[in-house]
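According to numbering that gives the first Met the number 0, the sequence shown holds residues 0 to 474 in order. In this text, a Cβ means the ideal position worked out from N, Cα and C, and glycines have one as well. A quick note: this is a predicted structure, and the numbers were derived from the prediction, not measured.
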Amino acid sequence: MTLRRSAVLAAAAVLLLSGCTSFVDTVTARNGADAEASALDEGGCPDRRAEPDPERPEISLDFRLADDRRSVTGTETVVFTPDLDVRELVFRLVPNGPDSAPAGNRLVVDEVRGDDVAGGRYEAAGAVDPGGLYVVELEGELAAGESTEVELDFSLALGAGGFDRFGVDGEVSWWASGAPLLAWEPGVGWAQDPFVDVGGETATSPVADTVVTVSAPEDLTVLMTGVRAAPSAPQEGRRTWTSEEPVARDVGVAAGPFATTDVTTPGGTRLTTGVLPGGDVSGDVLSAWTASAITDLESFLGPFPYGTLTVALLPDHGGGIEYPSMIFEASPSREVLVHEVAHQWFYGMVGNSQFRDPWLDEAFASWAEAVVDPGSGLVSEDALTSPGPVGAAMDEYESTRSYFRQVYDKGGAALLAAQRAAGEEAFDAAIRCYVDATAWSIATPTDVYRVLDDLPAALDVLIDAGALGKDDVPG
Ligand SMILES: [Zn+2]
C-alpha cells in the first residue's frame with residue numbers, strides 16, 4: 000500500500016488516535032525460516048528461488064456481485080494441511096477493521112460446513128461487529144500433516160468508495176481481502192493479531208493454490224488476481240469469470256466498465272491493465288509504466304514472481320494497494336505504481352506478518368521504488384534521522400502519519416543508506432539472496448539479519464534505525 004504524500008496528511012488528520020493494545024510476541028520457531036536457514040547457514044545462498052510449500056492450502060473462492068453492485072455473496076472452500084497440530088481454523092475478517100468498517104464495509108460468515116467442523120464463533124480482535132476473526136472449531140485435533148476441508152458461506156457489504164480495499168464508486172466495485180482470510184503462519188500458528196486504527200495492513204496469510212470465480216452483471220469487465228480465462232457467455236444478464244493463481248496469499252477483484260490492454264513484458268509476464276471511461280491515464284500509458292517497472296525491478300530482484308499481473312486503475316482516491324498478481328491503482332501516479340509492483344516481491348512472494356513486521360514489505364517496497372526512481376520523492380532520505388524505530392509492530396504507531404514516516408520514509412531511507420554503506424553490488428546480492436531464500440514463505444527480520452551478516456556496515460545502519468534489534472540476531 001502507499002498513499003500520496005498529501006493523502007497521508009489528510010488521512011492522519013481524520014483518523015483518531017487509537018489506544019495501543021499490547022502485543023505479546025509469541026513467535027517461536029518458523030518452519031519457513033528454518034528451511035532456508037540451513038541453506039544460508041551453510042555459508043551460501045540458494046542456487047535458485049525457493050519453491051512454495053507443496054502442502055500449501057487449496058482455496059476456492061466463488062463470488063457473486065449483486066445486481067446493485069453494492070454487495071457480494073460467496074462461498075469459500077479451503078483444504079488445509081497444517082504443519083502443527085490444531086483444534087481450530089482462524090480466518091481474519093479484514094472488512095470489519097476500524098479503518099474499513101466506518102465506510103460501510105462488512106463481512107459476515109453465514110454458515111460453515113465440513114466433516115470435521117463442530118461450530119464457529121467470532122472474536123472481536125479490535126474490530127466492529129460481528130468481529131475481526133472467525134474461528135472454525137473442529138470436532139477433535141487435526142494433527143500436523145493431516146488435511147481437513149472447510150466451506151464457508153459469506154456476505155460482504157461494499158461501502159462508499161475511498162482509499163481502501165473495498166468500495167463502490169460510480170460504476171466500479173472492488174474488493175480484496177473480501178472473503179474470510181486464512182490466518183495461518185506456517186511453523187508459528189494462527190495470526191490473531193488485533194486490528195488497529197492505523198491506515199495499513201495487519202494480516203498474515205500463507206500462499207495458497209487458489210481458484211477464483213466471479214459472477215457479475217454482464218456489462219461489467221472483471222479484473223482479478225491470477226490467470227484469467229475468457230468469461231462465460233451471458234446468461235440471465237450475467238457473466239462468470241474465472242482465474243487461477245497457484246501462489247496467492249489473498250485475492251483482489253475489480254468489476255466495472257474497464258477497457259483492457261494486454262501486453263507481455265520482455266521477461267514474459269502477461270500484463271493486463273484496465274482503465275475506466277474518462278480515466279486519468281490511457282491503457283497504453285498504464286501498461287508501459289507497469290511493464291517498465293517490472294523490467295527495472297527484475298534487474299536487481301530477479302524474475303517477476305507471477306506469470307501475470309493485472310492493474311485496475313480506480314477513481315483517484317490517492318494511492319495504491321497491492322494484492323498477489325493484482326494492483327488497485329487509485330492514483331494516476333507512476334511512482335505509486337512502481338511501489339505497488341515492488342510489493343509483488345515484498346509481500347506477494349516474500350511474505351511477512353504485516354502486523355508484526357510491517358517494514359518487511361513497506362520499507363522494502365519503498366526502497367525498491369527509490370532505487371528504480373531516484374529522486375521520485377516517495378522516500379525522503381532525511382527521514383533517516385527522524386524519531387522512532389523502523390521495525391515496530393502495527394500497534395506501536397500512534398497515528399497513520401507516524402507509521403508512514405517511520406516505516407516508509409525512514410525504513411526506505413535506512414535501506415538506501417545501508418546499500419550505500421555496504422556497496423551497491425554486495426548489498427544487492429544479499430537482498431537477492433534474501434528474496435530467493437524466503438520466497439513464498441513468511442520472512443522475518445532474522446532472515447534479513449542473516450543475509451547481511453557479512454556486511455557489518457549495512458547491518459549497523461539498520462540497527463541504528465531500529466529496523467533490526469537484538470531479538471533478530473540469528474540463533
Ligand atoms: Zn506499500
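For aspartate 356, the closest C-alpha among the options Gly465, Val370 and Thr384 is that of Gly465.
As DSSP reads the structure, glutamate 423 sits in no beta bridge. In this structure, glutamate 140 has its beta carbon at no less than 6 angstroms from each heavy atom of ligand 1. A straight line joining the alpha-carbon of tyrosine 346 with that of valine 434 spans about 11 angstroms. In this structure, Ala417 is the residue among Ile441, Ala417 and Ala436 with its C-alpha nearest to the C-alpha of leucine 467. Between ligand 1 and the CB of threonine 1, the shortest heavy atom gap is smaller than 6 angstroms. Remark: C-beta atoms of leucine 157 and serine 172 approach each other more closely than 7 angstroms. For alanine 182, the closest of Gly161, Val135, Gly199 and Val211 by C-alpha to C-alpha distance is Val135.
Between glutamate 150 and arginine 112, the CB-CB gap stays under 7 angstroms. Note that the C-beta distance between glycine 267 and phenylalanine 153 is not below 7 angstroms. Per DSSP, threonine 443 lies in no beta strand (DSSP E) and is assigned neither H nor E. The closest heavy atom of ligand 1 lies 6 angstroms or more from the beta carbon of alanine 367. Of the residues Arg238, Pro129, Gly251 and Ala215, the one whose Cα lies closest to the Cα of valine 226 is Gly251. Placement of the Cβ of glutamate 361 at a distance of less than 6 angstroms from at least one heavy atom of ligand 1 is found.
The C-beta distance from alanine 362 to leucine 296 rounds to 15 angstroms, too long to fall under 8 angstroms, and the pair is not in contact. In the DSSP assignment, valine 210 falls within the beta strand (DSSP E) that extends over 207–216. Under a 10 Å Cβ-count criterion, proline 56 is classified as buried, with 16 or more other Cβ atoms of the shown protein chains found around its own Cβ. Here DSSP, grouped into helix, strand and coil, assigns leucine 83 to coil. Taking one beta carbon from each stretch, the stretch 335–346 and the stretch 182–191 have fewer than 3 pairs nearer than 8 angstroms; the two do not touch. Rounded to whole angstroms, the gap between the alpha carbons of arginine 164 and glutamate 423 is 35 angstroms. In this structure, alanine 364 has its CB closer than 6 angstroms to one or more heavy atoms of ligand 1. Contact between the stretch 202–213 and the stretch 288–305 is absent: fewer than 3 CB-CB pairs across the two stretches fall below 8 angstroms. In the structure shown, phenylalanine 403 falls within a helical segment according to DSSP collapsed to helix, strand and coil. The criterion of a C-beta distance shorter than 7 angstroms is satisfied by serine 59 and valine 210. The straight-line gap separating the alpha-carbon atoms of serine 398 and threonine 445 is approximately 27 angstroms. Glutamate 140 sits close to arginine 86, with the two beta carbons spaced by under 7 angstroms.
One Cα belongs to alanine 436, the other to serine 365, and the distance between them is close to 21 angstroms.
By the neighbour-count criterion, in which 16 or more other beta carbons inside 10 Å mark a residue as buried, glutamate 395 falls on the buried side. Apart from sequence neighbours up to five positions away, the residues of its chain that approach threonine 294 with a beta-carbon distance below 8 angstroms are Thr264, Pro265 and Gly266, ordered along the chain. Segment contact: the stretch 186–198 against the stretch 220–238, fewer than three CB-CB distances shorter than 8 angstroms; contact not assigned.
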